[in-house]
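Residue numbers (our numbering), protein chains in the order written: chain A, 7 to 307; chain B, 536 to 917.
I have placed the structure first, in the form of structure tokens, so that the comments after it can refer back to it.
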Ligand SMILES: Nc1ncnc2c1ncn2[C@@H]1O[C@H](COP(=O)(O)OP(=O)(O)O)[C@@H](O)[C@H]1O
Ligand SMILES: [Mg+2]
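Below, the structure is given as structure tokens:
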């Protein structure tokens, strides 16, 4: 009996523990999502708020529901949106690959360093977060500008005569994204590589695998969870990135985050902006779901 | 010729035979700490050689230097006449079975075993045949498609063994191969390992901290302490003629008496106990000890006879004491005898007849007499 009551109490605690994050998600994710979704189905008006209500009362007192999928259709009408989506995905994808190529060796190096050096290296990775993200992007503007630090330095070295155009190019966007999101790639990779059983690498070498072969047959397969986690942490925010393409890419970069901002702020078309946001969300949720599927499959195996 | 026949089983006695593994003045230092201290060792082809020692004495480090995971700080290593110091681990003709097994968790049993052959670029069909032969050899028939986390400890051990053996290495290195198994499985696996080694003719170098395991398995044992070899020999040599108190205590147990040499001959030594001037020990193995040299006499518990009546013979090993404790283990009993001078002596007595109604050979606090043959004890100088 006593055990039974104890167990019931425990169960209650458990449901409470689950309820807290659930409630949090409901309040700060699901409700805003529903609101945005609602706006995306409305009509743009010059009023306050600048969109129509979905529910209206008819002349005979009946309730009318007006749902417009026009806003979504519009996203396909004007190829600006599709191009912006595709370009965002492309930029995010290439940035993710670059982050992976740079981040993997760094994470590996940190994980293999001796404990004191490892701590210092980890702090160095986290250090940039102590300065505002916006400020760091601004300082890149100072570095990359025609009369900026980098060009001046190269001219001073005599390597170039004319400044190279770097700011407001696609290159600057990639640089900014890779610079900003690299820690999000390194940290999960580090956590994974650090847990890696080094004796597996010795076993591979013992069985005749050269270092490269060991890397691809043992190290990489054993760190796939870290690779996926890091890649998602870079890819997802990079796809919706607004600040970096706006500040470093100028008019030359067409990314969905910027389009959304323009719809919302310059065009005051909240419904279309909401439709863009919902479409973006779906675009980003998909890879997450694929990852979930992969993880549960891993667990079953 | 009988002489040659002897050498076939004891190649280390053959002066014409070249050692298969040669370790020459090898040291390994980690910072200030010397894990392996200037060791020399010869291991012959087909041996099942054990490196035996307590935890942290440097046995794994020595094995890892042979495998190529640690570089010697100084000294040279040879396998089959070839110096291997500068050969990377992946190119050495040795394979290792890891203490933790180090099976690849993302590969099936089959893939784990095939891994080494794939690295060598062996043809697919041949890999398939050899893997299935190996799976049969180590009796893993139904488990080929399983992942390591679906196997028991004993099954993992077999996979690790199969994976290391499939490349037919010149030397198989085994780091505590049986340590993770329970006692019964360990005993059974010991014999399987020995049979396998006999069948394949591969030289095995086994690291263990378990002296019984070393005694059962090996052709020869090197006992290690603090990075050095303290004694190397066959299990019988190590047990019957230990050359230091450390070895006498580490391999089995021993009663040790300190004393001084009072007579020293080619075939007889007499030692006087430091505790008791009237107590003399007679040992019939000769030595070149000087009279008055400080020595220790070691006698194994099972070599001591116990009796309730005194032993009459003059100039023989004889002690008197009372029974302090009796440990009845079934097939034998351990007696702790307190000597008149206070020293405690262990005596093991086989229970060859069934004791009448729970009676022992001697009872608690009973006066008993201990004796042993002059050939049973050994004199140690360190
Ligand atoms: N990579 C290393 N760095 C520093 N010390 C080590 C290293 N490997 C082993 N040692 C030390 O060397 C000693 C011998 O280790 P080892 O050969 O593993 O002992 P064991 O005889 O138990 O197998 C231990 O004291 C251990 O702490
Ligand atoms: Mg060890």
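Note that CB positions come from ideal geometry on N, CA and C, so glycine has one too.
(request) Please check if any C-beta of chain B sits within less than 7 Å of the C-beta of residue 1 of chain A. (result) The structure shown does not extend to residue 1 of chain A, since chain A spans only 7 to 307, so no value can be given for it.
(message) With a threshold of 7 Å between beta-carbons, can residue 215 of chain A be considered close to chain B, or not?
(response) Judged by the 7 Å Cβ criterion, residue 215 of chain A is in contact with chain B.
(request) Please report the Cβ distance between residue 658 of chain B and residue 675 of chain B, rounded to the nearest whole angstrom; I am assuming they are in contact, meaning their Cβ atoms lie under 8 Å. (result) Wrong, their Cβ atoms sit about 23 Å apart, outside the cutoff.
(message) Quick check on the contact list: which residues have their beta carbon closer than 5 Å to a heavy atom of ligand 1?
(response) Going by the Cβ distance cut-off, the answer is B:565, B:570, B:590, B:591, B:592, B:593, B:594, B:595, B:596.
(request) Just list the beta strand (DSSP E) runs in the stretch 47-88 of chain A, keeping only unbroken ones of 3 residues or longer that don't cross its boundaries, in chain order. (result) Residue ranges of uninterrupted beta strand (DSSP E) with 3 or more members, entirely inside the stretch 47-88 of chain A and ordered along the chain, are 61-63, 69-71.
(request) Indicate whether residue 627 of chain B and residue 610 of chain B have their beta-carbon atoms separated by less than 7 Å. (result) Not a contact, by the Cβ cut-off of 7 Å.
(message) For residue 577 of chain B, list the residues DSSP reports as bridge partners.
(response) Answer is B:557.
(request) Answer with buried or exposed for residue 660 of chain B, where buried requires no fewer than 16 other C-beta atoms within 10 angstroms of its C-beta. (result) Classification for residue 660 of chain B: exposed.
(request) For residue 224 of chain A, go through chain B and note every residue whose CB falls closer than 7 Å to its CB, in chain order. (result) What residue 224 of chain A touches in chain B, judged by beta-carbon distance under 7 Å, is 639, going in chain order.
(message) Quick check on DSSP: helix, strand or coil for residue 831 of chain B?
(response) Of the three classes helix, strand and coil, the one that applies to residue 831 of chain B here is strand, per DSSP.
(request) Verify whether the separation of the beta carbon atoms of residue 572 of chain B and residue 562 of chain B is less than 7 Å. (result) Yes, the Cβ-Cβ distance between residue 572 of chain B and residue 562 of chain B is below 7 Å.
(message) Whether or not the stretch 112-131 of chain A and the stretch 287-301 of chain A are in contact is what I'm after, with contact meaning three or more pairs of Cβ atoms, one per stretch, closer than 8 Å; do they touch?
(response) Result no; under three Cβ-Cβ pairs closer than 8 Å.
(request) For residue 608 of chain B, I'd like the list of residues in its chain whose CB is within less than 6 Å of its CB, leaving aside the five on either flank, ordered along the chain. (result) If you ignore the 5 residues before and after residue 608 of chain B, its C-beta comes within less than 6 Å of the C-beta of 562, 563, 564, all in its own chain and listed in chain order.
(message) So that I know if they touch, is there some Cβ in chain A lying closer than 7 Å to that of residue 565 of chain B?
(response) Closer than 7 Å: no.
(request) Taking residue 655 of chain B as the query, report the chain A residues whose CB atoms sit under 8 Å from its CB, ordered along the chain. (result) Neighbours of residue 655 of chain B across chain A, judged by C-beta separation under 8 Å: 214.
(request) May I have the straight-line CA-CA distance separating residue 714 of chain B from residue 111 of chain A, to the nearest angstrom? (result) Across the structure, residue 714 of chain B and residue 111 of chain A are spaced so that their CA atoms are roughly 36 Å apart.
(message) Do residue 794 of chain B and residue 809 of chain B have their beta-carbon atoms positioned less than 7 Å apart in this structure?
(response) Against a cut-off of 7 Å, the Cβ pair of residue 794 of chain B and residue 809 of chain B comes out as a contact.
(message) When you compare the stretch 847-866 of chain B with the stretch 896-904 of chain B, are there three or more beta-carbon pairs, one atom per stretch, that lie closer than 8 Å?
(response) Touching, yes.
(message) Which same chain residues end up closer than 7 Å to residue 18 of chain A when comparing Cβ atoms and leaving out the 5 residues on each side of it in sequence?
(response) Contacts found: none.
(message) Give me the subset of the stretch 676-705 of chain B whose CB atoms are less than 8 Å from a CB atom of chain A, sorted by chain position.
(response) For the stretch 676-705 of chain B, which is checked against every Cβ of chain A, the residues closer than 8 Å are 682, 698, 699, 702.
(request) Could you tell me whether any Cβ in chain A is nearer than 7 Å to the Cβ of residue 868 of chain B? (result) Under the Cβ criterion of 7 Å, residue 868 of chain B is not counted among the residues facing chain A.
(request) Go to residue 217 of chain A, then tell me how far its alpha helix (DSSP H) extends in each direction, as first and last residue. (result) First-last of the alpha helix (DSSP H) with residue 217 of chain A: 217-220.
(message) Considering just the uninterrupted stretch of the beta strand (DSSP E) at residue 885 of chain B, what are its terminal residues?
(response) Secondary structure note for residue 885 of chain B: its beta strand (DSSP E) is the uninterrupted segment 879-885.
(request) Could you name each continuous beta strand (DSSP E) segment of 3 residues or more that falls completely within the stretch 783-869 of chain B, going from the start of the chain to the end? (result) Runs of the beta strand (DSSP E) lying entirely within the stretch 783-869 of chain B and spanning at least 3 residues, in chain order: 790-799, 804-808, 815-818, 829-834, 840-842, 852-863.
(request) In the DSSP assignment, find the unbroken alpha helix (DSSP H) run with residue 264 of chain A in it and report its ends. (result) Looking at the DSSP string, the run of the alpha helix (DSSP H) that includes residue 264 of chain A is 262-267.
(request) Answer with buried or exposed for residue 537 of chain B, where buried requires no fewer than 16 other C-beta atoms within 10 angstroms of its C-beta. (result) Model confidence at residue 537 of chain B stands at a pLDDT of 46, short of 50, so the residue's coordinates are unreliable; what they give is reported in the following sentence. In this structure residue 537 of chain B is exposed. Its beta-carbon is surrounded by fewer than 16 other beta-carbon atoms within 10 angstroms.
(request) Pull up the distance between the alpha-carbon of residue 743 of chain B and that of residue 142 of chain A, whole angstroms please. (result) Annotation: residue 743 of chain B to residue 142 of chain A spans about 58 Å, alpha carbon to alpha carbon.
(message) Here's the rule I'm using: 16 or more other beta-carbon atoms within 10 Å means buried, otherwise exposed. How should residue 41 of chain A be labelled?
(response) Residue 41 of chain A comes out exposed.
(message) Taking DSSP's pairing of strands, which residues face residue 756 of chain B in a bridge?
(response) Looking at the DSSP assignment, residue 756 of chain B forms a beta bridge with B:585, B:768.
(message) In chain order, what are the residue ranges of uninterrupted alpha helix (DSSP H) at least 4 long that sit wholly in the stretch 580-630 of chain B?
(response) The stretch 580-630 of chain B contains these whole alpha helix (DSSP H) runs: 594-602.
(message) Can you pull out the residues from the stretch 227-243 of chain A whose beta carbon lies closer than 7 Å to at least one beta carbon of chain B?
(response) Listed by position, the residues of the stretch 227-243 of chain A near chain B (Cβ gap below 7 Å) are 227, 228.
(request) Could you list which residues in chain B have their beta carbon closer than 8 Å to that of residue 219 of chain A, in chain order? (result) Under the 8 Å cutoff, chain B gives 654.
(request) Could you list the residues in the stretch 566-590 of chain B with a C-beta less than 8 Å from some C-beta on chain A, going in chain order? (result) The stretch 566-590 of chain B vs chain A, Cβ under 8 Å: nothing.
(message) By the 8 Å beta-carbon criterion, what residues does the stretch 183-208 of chain A contribute toward chain B?
(response) Listed in sequence order: 203, 205, 206, 208.
(request) Could you spell out where the alpha helix (DSSP H) holding residue 708 of chain B opens and where it closes? (result) First-last for residue 708 of chain B: 706-710, but that is the beta strand (DSSP E), not the alpha helix (DSSP H).
(request) Identify the contact partners of residue 211 of chain A in chain B, using a Cβ-Cβ distance below 7 Å as the criterion. (result) Within chain B, the residues near residue 211 of chain A are 624, 625.
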